[in-house]
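Q: Have a look at this one.
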Amino acid sequence: MNETTNTQEQVFSPEDIEKNKVISFLAYILFFIPLIAAPDSKFARYHANQGLILLIFSVALYIVGIITSFIFIGFIIMFLGWILILVLVIIGIINALNGQAKPLPLIGKFTILK
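The sequence shown begins at 8 in this note's numbering and counts up by one.
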């Protein structure tokens, strides 16, 4: 089988990448969809992990925003944070649809799903 190294840590087959590009991009909308639709795909699992990390980051940002919203800076933090999350979602979707498994900036180095 011809394998393609896509990240420093993981190797994905070209067949896996091609077959699961569309499913993988859905991880940035609902992270568990690739886990259900393609449970044996390393590529889909990689993007599901990135989507889960992004979800956790979003929840943490929301909590920080709520706590700090009693002062004006909380609204600024939430606004800038949601812009950052939107940018990270777009980067993740582009990477998935291009068949790339690049970690998201700032948060992509963490792994929960193996």
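Note that the Cβ used here is the ideal one computed from N, Cα and C, for glycine as well.
1) So, is M8 buried or exposed, given that buried needs 16 or more other C-beta atoms within 10 angstroms?
2) Relative to the C-alpha of L62, which residue among S20, L91 and V29 is closest?
3) Can you have a look at P41 and say buried or exposed, based on whether 16 or more other CB atoms are within 10 angstroms of its CB?
4) Measuring only the C-alpha atoms, how far is F77 from L68?
5) Within its chain, find whatever has a CB closer than 8 Å to the CB of F82; leave out the 5 residues flanking it on each side and keep chain order.
A: Here's the rundown:
1) For the purposes of this step, residue 8 is taken as the residue at position 1 of the sequence shown. With a pLDDT of only 46 at M8, under 50, the local geometry of the prediction cannot be trusted, and the value read off the model is given with reservation. Burial call: exposed.
2) Looking up residue 62 in the sequence shown gives position 55. Measuring from the Cα of L62, the nearest candidate turns out to be L91.
3) Counted from its first residue, the sequence shown places residue 41 at position 34. Burial call: buried.
4) Taking the sequence shown and counting its residues from 1, the one referred to as residue 77 is at position 70. Taking the sequence shown and counting its residues from 1, the one referred to as residue 68 is at position 61. Straight-line Cα distance between these residues: approximately 15 Å.
5) The count along the sequence shown starts at 1 and reaches residue 82 at position 75. Contacts found: G72 and S76.
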